[in-house]
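Colleague: Just so you know, we're using our numbering here: the sequence shown kicks off at -7 and counts up by one.
All C-beta atoms, glycine included, are put in the ideal place defined by N, C-alpha and C.
Okay, handing you the structure first.
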Amino acid sequence: MYLSVVVPCMNEEASIPGLVERLTQAVKLWKDSAEIILIDDGSTDATWKAIEAAKASCPQLVGLKLSANRGHQIALTAGLEAAKGDRIFMLDADLQDPPELLTDMMFMMDRGFDVVYGRRSERRGETMFKKATAHLFYRFLNAMSDVPIPQDTGDFRLVNRRSLDAVLAMPEKARFIRGMFAWAGFRQVGIEYIRAPRELGETKYPFRAMMRFAIDAMTAFSTKPLKLATRLSFLSLLMAALMGVYVFYSLVVYQTAPGWASVILAVSFFSGAQLLTLGIMGEYIGRLYVEAKNRPLYFVSEEERDIAPVTQRLRA
Ligand code: UDP
Ligand code: MG
-7 MYLSVVVPCM NEEASIPGLV ERLTQAVKLW KDSAEIILID DGSTDATWKA IEAAKASCPQ
53 LVGLKLSANR GHQIALTAGL EAAKGDRIFM LDADLQDPPE LLTDMMFMMD RGFDVVYGRR
113 SERRGETMFK KATAHLFYRF LNAMSDVPIP QDTGDFRLVN RRSLDAVLAM PEKARFIRGM
173 FAWAGFRQVG IEYIRAPREL GETKYPFRAM MRFAIDAMTA FSTKPLKLAT RLSFLSLLMA
233 ALMGVYVFYS LVVYQTAPGW ASVILAVSFF SGAQLLTLGI MGEYIGRLYV EAKNRPLYFV
293 SEEERDIAPV TQRLRA
């Protein structure tokens, strides 16, 4: 069984030597049947030099340098596409996710799971703000999303070939990889671990990048925001009807100022009508969006039949 380790690195010159050392230890058992793929995501520091230097003492190492910074999820995708392994292990360069957990993840995979992801039971050395926003984000995302996305997980996971192939078959450009693995299905299980503080360098996810990431995730896995207008319009039209009753009552009983009734009615009715039209457009745009994403319709996880399974026939 061949093992691939995939690590995206952006401005991680300080982390690379320690990372390569701990990874080589963690994959020692695999000897020649392992590769460690480091992707330099358009770093502006000496990350690429550090990768080249590490290569000298670690023959399993594969370095890929992207032509420019494309972001964490794209860098990870580049590594996943290059991976040759039957099993693929992915983690961050900063050693916040312990590579030693690979043994436990392998154990679970041997028991038949296709995806074993790390679930952070605790995050050390991160600001209250990051912890709070991350907590809220995963809960809100789940409330909005049509597929259950495991809470408090990152891109720290071990996957097998068929689940990776499933994710690589999704041609979408906005890639929220942890959600894509969740969406792909198959048998998944989480292992709890304590997320260590970043050892060297600093976070590549300042607030702005976190927001962009959150919006990518939300829009990639839910079209509910687009349909919000439809719901609001029902509320608004209902209110317009109630206002109508109130307006006529006031007109007759209190003799209100001329023009008041018609203005109120026009405002409440037309805002409802506008929201309704927006909502209808949202419904269509949502469907267009799903079509444009062009994801595969399904993946086969098990087959029972006499002839060779489809996957084998395709390879033959
Ligand atoms: N990363 C990357 N490209 C980017 C931003 C981040 O390849 O544009 C990598 C980074 O080097 C690290 C991983 O993505 O290996 C996660 O980033 P970081 O540890 O800074 O995120 P945090 O743990 O603070 O959420
Ligand atoms: Mg980190």
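Assign glutamate 27 to one of two classes, buried (16 or more other C-beta atoms within 10 Å of its C-beta) or exposed (fewer than that).
Modeller: One-based indexing of the sequence shown puts residue 27 at position 35. The residue is buried, with at least 16 neighbouring Cβ atoms inside 10 Å.
Colleague: Heavy atom of the ligand UDP less than 7 Å from the Cβ of arginine 287, yes or no?
Modeller: As a working note, residue 287 is residue 295 in the sequence shown. Incorrect: arginine 287 has no Cβ contact closer than 7 Å to the ligand UDP.
Colleague: Could you give the C-beta distance for lysine 123 and arginine 116, rounded to a whole number, given that I count them as a contact under 8 Å?
Modeller: In the sequence shown, residue 123 corresponds to position 131, counting from 1. In the sequence shown, residue 116 corresponds to position 124, counting from 1. About 10 Å; that fails the 8 Å criterion.
Colleague: Is it buried or exposed for threonine 69, if we count other Cβ within 10 angstroms and need 16 for buried?
Modeller: Position 77 of the sequence shown, counted from the first residue, corresponds to residue 69. Buried, by the Cβ-count rule.
Colleague: Just to confirm, are alanine 75 and isoleucine 31 a CB contact at a threshold of 8 Å?
Modeller: Counted from its first residue, the sequence shown places residue 75 at position 83. Counted from its first residue, the sequence shown places residue 31 at position 39. No. Outside cutoff.
Colleague: Tell me whether the beta-carbon of valine 108 lies closer than 8 Å to the beta-carbon of phenylalanine 173.
Modeller: Against the sequence shown, residue 108 aligns to sequence position 116. Against the sequence shown, residue 173 aligns to sequence position 181. Result no, Cβ atoms of valine 108 and phenylalanine 173 do not sit closer than 8 Å.
Colleague: Just curious, the alpha helix (DSSP H) that valine 159 is in, first and last residue?
Modeller: Numbered from 1 along the sequence shown, position 167 holds the residue referred to as residue 159. Its alpha helix (DSSP H) spans residues 153 to 160.
Colleague: Would you mind working out which of Ile8, Ile29, Asn61 sits nearest lysine 41, comparing C-alpha positions?
Modeller: Numbered from its first residue, the sequence shown carries residue 41 at position 49. Per the Cα distances, Ile8.
Colleague: Glutamine 88: beta carbon under 7 Å from a heavy atom of the ligand MG?
Modeller: As a working note, residue 88 is residue 96 in the sequence shown. Yes, the ligand MG has a heavy atom inside 7 Å of this Cβ.
Colleague: Which residues have a Cβ closer than 5 Å to any heavy atom of the ligand UDP, listed in chain order?
Modeller: The answer, residue by residue, is Pro0, Cys1, Met2, Glu4, Asp33, Gly63, His64, Ala67, Asp84, Ala85, Asp86, Thr195, Lys196, Tyr197.
Colleague: When you compare each of Ala258, Gly34, Glu4 to serine 59 by their alpha carbons, which one comes out closest?
Modeller: Position 67 of the sequence shown, counted from the start, is the residue given in the question as residue 59. Comparing Cα positions, the closest option is Gly34.
Colleague: Tell me whether tyrosine -6 sits in a helix, a strand or coil according to DSSP, three-state version.
Modeller: As a first step, residue -6 is located in the sequence shown; it is residue number 2 there, counting from the start. Residue state, collapsed to three classes: coil.
Colleague: With a threshold of 16 other CB atoms inside 10 Å of the CB of threonine 36, please say whether the residue is buried or exposed.
Modeller: Position 44 of the sequence shown holds residue 36. By the 10 Å Cβ count, threonine 36 comes out exposed.
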